[in-house]
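Using numbering that gives the first Met the number 0, the first residue of the sequence shown is number 0, and each one after it goes up by one.
All C-beta atoms, glycine included, are put in the ideal place defined by N, C-alpha and C.
If you're wondering where the values come from, they're calculated on a predicted model, not measured in any experiment.
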Amino acid sequence: MEPRIANKFRLGRKIGSGSFGEIYLGTNVQTNEEVGIKLESTKTKHPQLLYESKLYRILQGGTGIPNIRWFGVEGDYNVMVIDLLGPSLEDLFNFCARKFSLKTVLMLADQLINRVEYVHSKSFLHRDIKPDNFLMGLGRRANQVYIIDFGLAKKYRDPTTHQHIPYRENKNLTGTARYASINTHLGIEQSRRDDLESLGYVLMYFLRGSLPWQGLKAGTKKQKYEKISEKKMSTPIEVLCKGYPTELASYFHYCRSLRFDDKPDYAYLKRLFRDLFIREGFQFDYVFDWTILKYQQSQASVAAPRMLGANAAAAAPSPAANAADADLARPRHRSPMPHADEEAEAERHAYGRTGSGSGARRAPAAGGMAPAPAAAGAGGVRGSTPDALDSKRGLGLTNALSGIRSGSRVRTGQGSGHVWQW
Numbered sequence: 000m001e002p003r004i005a006n007k008f009r010l011g012r013k014i015g016s017g018s019f020g021e022i023y024l025g026t027n028v029q030t031n032e033e034v035g036i037k038l039e040s041t042k043t044k045h046p047q048l049l050y051e052s053k054l055y056r057i058l059q060g061g062t063g064i065p066n067i068r069w070f071g072v073e074g075d076y077n078v079m080v081i082d083l084l085g086p087s088l089e090d091l092f093n094f095c096a097r098k099f100s101l102k103t104v105l106m107l108a109d110q111l112i113n114r115v116e117y118v119h120s121k122s123f124l125h126r127d128i129k130p131d132n133f134l135m136g137l138g139r140r141a142n143q144v145y146i147i148d149f150g151l152a153k154k155y156r157d158p159t160t161h162q163h164i165p166y167r168e169n170k171n172l173t174g175t176a177r178y179a180s181i182n183t184h185l186g187i188e189q190s191r192r193d194d195l196e197s198l199g200y201v202l203m204y205f206l207r208g209s210l211p212w213q214g215l216k217a218g219t220k221k222q223k224y225e226k227i228s229e230k231k232m233s234t235p236i237e238v239l240c241k242g243y244p245t246e247l248a249s250y251f252h253y254c255r256s257l258r259f260d261d262k263p264d265y266a267y268l269k270r271l272f273r274d275l276f277i278r279e280g281f282q283f284d285y286v287f288d289w290t291i292l293k294y295q296q297s298q299a300s301v302a303a304p305r306m307l308g309a310n311a312a313a314a315a316p317s318p319a320a321n322a323a324d325a326d327l328a329r330p331r332h333r334s335p336m337p338h339a340d341e342e343a344e345a346e347r348h349a350y351g352r353t354g355s356g357s358g359a360r361r362a363p364a365a366g367g368m369a370p371a372p373a374a375a376g377a378g379g380v381r382g383s384t385p386d387a388l389d390s391k392r393g394l395g396l397t398n399a400l401s402g403i404r405s406g407s408r409v410r411t412g413q414g415s416g417h418v419w420q421w
């Protein structure tokens, strides 16, 4: 008999291992929807899954927060059933030969700052901001960034009184050394400023391809952390950001100027990057580097069989391909940036209206485009289809990430304990 979770979810194959347990592909037996199932042994010395599930519950309803479908104990395991998501930004960074364009980084930055701001608004710090912990959605959520992995999250204030935790020193390094703030290296208690400084390092990592303190050799982990800390502190902001717009340096100067219990001006940071985006003449069309690359790969795979034909004319691009290529070059007569209410507007631009239910989302079908939305009331996504939205927005590329598959195969993988399907 096949394993079942809560008599509702069929347990499938293992697709990854996280820092606190193993991850399986699952299926809702009632709706056939695919989900992620995270298992943790009840005998583990330091159980983590219950804490993580509680944080997800607190954060539920926020844009870019995965939905928890179920948490409980089954036999010898703590079990968390969660939305199945797309690839992480680290996965996509590798896919794009470890470099992102300024346009892609700025489009990501807008969403990333929003995700961090939302977590902070719920009185928690993430404390492990890194590319592996930001995932793209699937199907008509393929343009939306999700934030995951709250195993190291910490409450920084009382949710009712907003009384901030006290300043402390001599703290152990919590998080990932590559992206840790300087104050974290110095053993200072983390606060909101540190999540944002870490995010700045993520943005520079994407632009530069690497950070100056990567690849340092040391005998022990402690010595390596010390070397990273020394290199980070000895690298001036202007050197780190050399060759890139001054807004990147301004971001770091602002984050490092914040006092321990200061509330960051998130709007100022977003405005920095939005003004730069407009000045560069970019369009906020959600066409990321990987979207174009995936589209180009799909066109090449379609053209290859034609090249094998005896008639050379058969190798000519199809009208549809020509139309799509022309579409890339066509000016877009609309505002270069999303509406001031970015979160709601992004939902309308890129994904259609959302239902008012639980927010359940289907993973795209193995053969191509995402399946039809769930019935009204089931929390599915309502509104225009991705194709219709593409036509309206003059892109024709959204399906390059979420719908086009090499040989109709589905790739599954695992980064830092997350579940992704592409």
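R12 and S40 have their C-alpha atoms spaced approximately 17 Å apart. Shown here, N66 sits in coil according to DSSP, grouped into three states, outside any helix or strand. As summarised for the segment 237-312, the continuous alpha helix (DSSP H) elements at least 4 residues long and confined to that stretch are 245-256, 265-278, 288-306, given in chain order. The straight-line gap separating the alpha-carbon atoms of V80 and S52 is approximately 9 Å.
In summary, P165 is exposed, with fewer than 16 beta-carbon neighbours lying within 10 Å of its beta-carbon over all protein chains present. In this structure, E188 lies near K170, with their beta-carbon atoms less than 9 Å apart.
Membership of T26 in the beta strand (DSSP E) is indicated by the continuous run 20-27. About 4 Å separates the beta carbon of L247 from that of C240, a gap short enough to meet the 8 Å contact definition. Remark: fewer than three beta-carbon pairs, one from each stretch, lie closer than 8 Å, so the segment 147-162 and the segment 218-236 are not flagged as touching. I146 has its alpha-carbon roughly 6 Å from the corresponding atom of G63. For S209 and V238, the gap between their C-alpha atoms comes out near 14 Å. In the structure shown, L137 adopts coil according to DSSP, grouped into three states. F205 and L58 have their C-alpha atoms roughly 27 Å apart. Just so you know, the alpha carbons of S256 and R192 end up roughly 9 Å apart. Using a Cβ distance threshold of 9 Å, H184 and S228 count as a contacting pair. For Y145, DSSP records a beta bridge to L134. Distance from the CA atom of G85 to the CA atom of L24, rounded to whole angstroms, is 13 Å. Excluding residues up to 5 positions away in sequence, E188 lie with their Cβ nearer than 7 Å to the Cβ of R167 in the same chain.
The beta carbon of V144 sits closer than 6 Å to the beta carbons of G63, Q110, F133 from its chain, once the five residues preceding and following it are set aside; these are given in chain order.
For the set R258, L49, H45, W69, the Cα lying nearest the Cα of G35 is the one of W69. In the three-state reduction of the DSSP assignment, F99 falls in the coil class. Note: I36 is bridge-paired with Y23, V80 in the DSSP secondary-structure output. A buried status is given to Q282, since no fewer than 16 other beta-carbon atoms sit within 10 Å of its beta-carbon. Taking C-beta separations shorter than 6 Å and ignoring five residues to either side along the sequence, the partners of K102 in its chain run F281, following chain order. The DSSP-derived three-state label of E196 is helix. By the neighbour-count definition (other C-beta atoms within 10 Å, threshold 16), P263 is a buried residue.
Ranked by Cα distance from L292, the options A96, L83, F259, G20 are led by A96. Contact check for I128 against Y55 fails: the beta carbons are separated by 9 Å or more.
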